[in-house]
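The sequence shown begins at 1024 in the working numbering and counts up by one.
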Amino acid sequence: MEDQFFKDFPIVISPTHLVQPLADSPVAVTVIDRELIDAMGVRQIPDLLRRVVGFVVAYESNLVPVVSYHGLNGGYTHRMQVLIDGRSVYDPVFGGVHWATLPLVIEDIERIEVVRGPNAATDGANAFLSTISIITRQAAEDRGTTLQTRIGNNGIRDLYVRQGQTSNRLDYRLSAAFQEDQGVKNRYDHQQVYYLAGRLEARPSADTQVSALMGYKKGEFQYGFEDPTTAPSFGLCFSPHTRPIHDGYAQLRWEHNPNATEQTVFQTYFSELKAKTAYQQPTVCGGLWDERTYLVRRYDADVRRRWTPFENARLVVGAGARLDQVEAFDQVDGFPGSPWRNDVENQHQRLFGNLEYRFAKGWLLNMGGLLERHSLMDGEVFFSPRVALNYHLTDAQTLRFGWSRAVRIPSFLEETWNNDLWAQKGSLAAETIESREIGYLGQFPDWGLRLDLRIFRNRTRDLLNIVFDQSPLQTLNGGYATITGFEAQTQWDITSTTTLRFAYAFTTIDSDNPFEIHYTNSTPRHISDLFLTHQLRDDLMASLGFNYVSNMEWLEGGTPVSSARYLDFHLARKLKLPRSTGTIAFTAQNLLGDQASYLDTNIVGRQFFLTLKFDLD
């Protein structure tokens, strides 16, 4: 029955672990596919997310790209979960994602599914405001050898190499990359990054596939402020220095599909992040250096099963366990005392499920939840439920009514960091959110138009606040924030060769907390994005993107910044050579000139680069 509905809507899996047309999803989702990725022509993964309605992308530095949805954050996006092939890359130490050091490059991505709303019912704690699920390319999609080089202003020098082969039962892909640039103006911000990844896919039988994945990224990032007057104003002085970071993982996935309605998946992975932080105290530069290396290890395993328990219903259930371990080491001129009360770990167990039930003609119910326990929270158990009702007005139009609850647990820093700079006593409560939304999806084939509309109200409580106006610093629960808004994204196929995408978000925050933290201004009231693609010829494509973000204030060391306007252009031509094919492309970013990013003294300027790619058989 379900195949009769909305066959032209994108298919998504991230909201529930069920393969669903977008019209059946219990929550709003934006899909960035490979075609759109190529049309943008950008170098950095965060820049892809400018095309997602309601998202803001900024650069505190090369090391700290910032991605925000509905505000409430500074340099670390504590309330957003990020997955790569189902593997969480959320850092338990600082709470957020190290975008610059993810063991991944854009060339290996197949699609990104962005869940716009709480998704803790599927992904657990920290899928608080959104989940970004990045899905990499299958090995069979990349047969042969690919060579790509890129050169541009601002010191841009990139190289990418990929080799893949396929057979009846075995496919593999190896890829390697190097990236270099000078980063943000007015900063000590040069970066050099090396990347290596591999993927092996075996099919021991017609209904079983085993996949092994690995990746490693090593980077050296300059960080700091050559001019102390441009440094953040929260009591530290970031003099110029270099931060080395290593990030790697190994992952194994087993998938069994005995028939079209049943599936069992087992997945396990190990990841390790080693990074160095460095700063000076007090604010006046010249104080003692505090350098700390911290090591994060994550062990995770989960299993899930999907089947049809009765007519017109599909059910997925699963269980998982995770161990996060952190070790921290004092280095040169460290402040007295260990940064942790002890080396820290969090043992996390979870059970989850989702029922999809077509109980009447045109009606679809999604009902699910996730039960989890965290040792970091003294073994407290949390339940994150979600209920959504979809009504198919016609075969091309759907109304969605959704309600959910989610939690965010404190990071290790928030719960346990303890030294002369930061004094944390523990016993923090988890943040909570209750979300309500009404959504509309519509397709109008005669006009070549697709609509995605959403109104929402998110009520958060017990927000974790870094209190900067005391010494030492401390994180405390306090206050609330109510986020309300409207989102619209459209895709209009004007002709067979021209497509216009438009997105607009209106968001307000009503907030009260005892620490004078400006949550109300932490998200732009208006965000709009326009992206036009045009096929000039069979071998020539051009795109133009415009992104507008109204004024806002970044928290946790950021500053108020005025409204920003970004204009990007991309032109790509396909090449046909005797023994290969290829692409030559020109990309221009920030054509409107310098824009303040995260700090009012941080300047992101124009960037131009040329990309040359060859695919060899």
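Every residue gets a Cβ at the ideal spot worked out from N, C-alpha and C, and that includes glycine.
Test item: CB-CB of residue i and residue j under 9 angstroms
i: leucine 1127; j: alanine 1220; result: yes
i: arginine 1327; j: threonine 1284; result: no
i: asparagine 1641; j: phenylalanine 1382; result: Residue coverage of the chain in this structure runs from 1024 to 1640, which leaves residue 1641 outside it and unanswerable.
i: threonine 1505; j: threonine 1530; result: no
i: threonine 1556; j: serine 1545; result: no
i: leucine 1563; j: lysine 1599; result: no
i: arginine 1222; j: alanine 1143; result: no
i: arginine 1459; j: tryptophan 1426; result: yes
i: threonine 1513; j: leucine 1472; result: yes
i: threonine 1610; j: glycine 1175; result: yes
i: serine 1262; j: glycine 1242; result: no
Sequence-distant residues of its chain with Cβ nearer than 7 angstroms to residue i (five each side left out)
i: aspartate 1325; result: Gln1290, Gly1341, Ala1342, Gly1343
i: leucine 1487; result: Pro1433, Glu1437, Leu1451, Glu1454, Thr1498, Asn1500
i: aspartate 1230; result: His1279, Asn1280, Pro1281
i: glutamate 1457; result: Arg1428, Arg1482
i: threonine 1400; result: Note that residue 1400 is methionine in the sequence shown here, rather than threonine. Same-chain partners within the cutoff: Ile1432, Ala1453.
Through-space distance from residue j to residue i, alpha-carbon basis
i: alanine 1528; j: glycine 1140; result: 14 angstroms
i: threonine 1606; j: glutamate 1454; result: 48 angstroms
i: valine 1042; j: arginine 1337; result: 10 angstroms
i: histidine 1397; j: valine 1075; result: 32 angstroms
i: arginine 1549; j: tyrosine 1322; result: It is histidine, not arginine, that sits at residue 1549 in the sequence shown. Rounded to whole angstroms, histidine 1549 to tyrosine 1322 spans 40 angstroms at the Cα level.
i: glycine 1098; j: glycine 1077; result: 18 angstroms
i: glutamate 1249; j: aspartate 1366; result: 34 angstroms
i: threonine 1306; j: phenylalanine 1117; result: Any reading at threonine 1306 must be qualified, since the residue scores a pLDDT of 46, below 50, and its modelled position is unreliable; no value is offered.
i: phenylalanine 1275; j: asparagine 1209; result: For the sequence presented, residue 1275 should be read as leucine rather than phenylalanine. If I take the Cα positions, the gap works out to 43 angstroms.
i: glutamate 1368; j: threonine 1100; result: 21 angstroms
i: tryptophan 1386; j: proline 1115; result: 40 angstroms
i: lysine 1240; j: leucine 1422; result: 43 angstroms
i: tyrosine 1571; j: leucine 1318; result: 38 angstroms
i: phenylalanine 1554; j: histidine 1593; result: 11 angstroms
i: valine 1105; j: valine 1035; result: 16 angstroms
i: arginine 1629; j: histidine 1121; result: 24 angstroms
i: glycine 1094; j: aspartate 1617; result: 23 angstroms
i: glycine 1119; j: asparagine 1085; result: 16 angstroms
i: proline 1408; j: leucine 1378; result: 12 angstroms
i: proline 1332; j: valine 1404; result: 28 angstroms
i: arginine 1364; j: glutamate 1350; result: Residue placement at arginine 1364 is poorly supported in this model, since its pLDDT is 41, which falls under 50; the coordinates still yield a value, given next. Near 11 angstroms, if we compare the C-alpha coordinates of glutamate 1350 and arginine 1364.
i: isoleucine 1060; j: glutamine 1558; result: 15 angstroms
i: isoleucine 1489; j: asparagine 1574; result: 23 angstroms
i: threonine 1265; j: leucine 1152; result: 33 angstroms
i: leucine 1071; j: leucine 1394; result: 32 angstroms
Bridge partner(s) assigned by DSSP for residue i
i: threonine 1531; result: Thr1507
i: serine 1545; result: Partner(s): none; serine 1545 has no beta bridge.
i: proline 1583; result: Glu1576
i: arginine 1276; result: Ser1234, Gln1290
i: glutamine 1104; result: Thr1154
i: isoleucine 1055; result: Ile1135
i: leucine 1553; result: Phe1525, Phe1569
i: histidine 1264; result: Tyr1246
i: isoleucine 1607; result: Arg1596, Leu1635
i: arginine 1480; result: Arg1459, Thr1507
i: histidine 1269; result: Lys1241, Lys1297
i: glutamate 1023; result: Since the first residue of the chain shown is 1024 and the last is 1640, residue 1023 is not available in this structure.
i: leucine 1223; result: Tyr1195, Ala1235
i: alanine 1452; result: Answer by DSSP bridge pairing: none, since alanine 1452 is not bridged.
i: tryptophan 1515; result: Leu1472, Leu1523
8 angstroms CB neighbourhood of residue i in its chain, flanking five on each side removed
i: serine 1620; result: Ala1081, Tyr1082, Glu1083, Val1207, Val1584, Ala1587, Ile1626, Val1627
i: glutamate 1203; result: Gly1178, Ile1179, Arg1180, Asp1181, His1213, Gln1214, Gln1215, Val1216
6 angstroms CB neighbourhood of residue i in its chain, flanking five on each side removed
i: serine 1037; result: Glu1136, Val1138, Ser1156
i: glycine 1502; result: Leu1486, Asp1535, Asn1536
i: arginine 1320; result: Glu1295, Gln1348
i: arginine 1345; result: Asp1323, His1371
i: leucine 1635; result: Thr1172, Ile1607
i: threonine 1154; result: Gln1104, Val1138, Asn1142, Asp1146
Residue i Cβ short of 8 angstroms to the ligand GDP heavy atom set
i: valine 1120; result: As for the ligand GDP, it is missing from this structure, which has no ligand bound.
(message) Quick check on the DSSP output: what are the complete beta strand (DSSP E) runs of length 3 or more inside the segment 1106-1141, in order along the chain?
(response) 1132-1139
(request) Please specify which runs of the beta strand (DSSP E), each continuous and at least 3 residues long, are wholly inside the segment 1127-1212, giving them in chain order. (result) 1132-1139, 1153-1159, 1167-1175, 1180-1189, 1193-1204
(message) Give the list of continuous beta strand (DSSP E) stretches no shorter than 3 residues that lie fully inside the segment 1340-1425.
(response) 1367-1383, 1386-1397, 1403-1417
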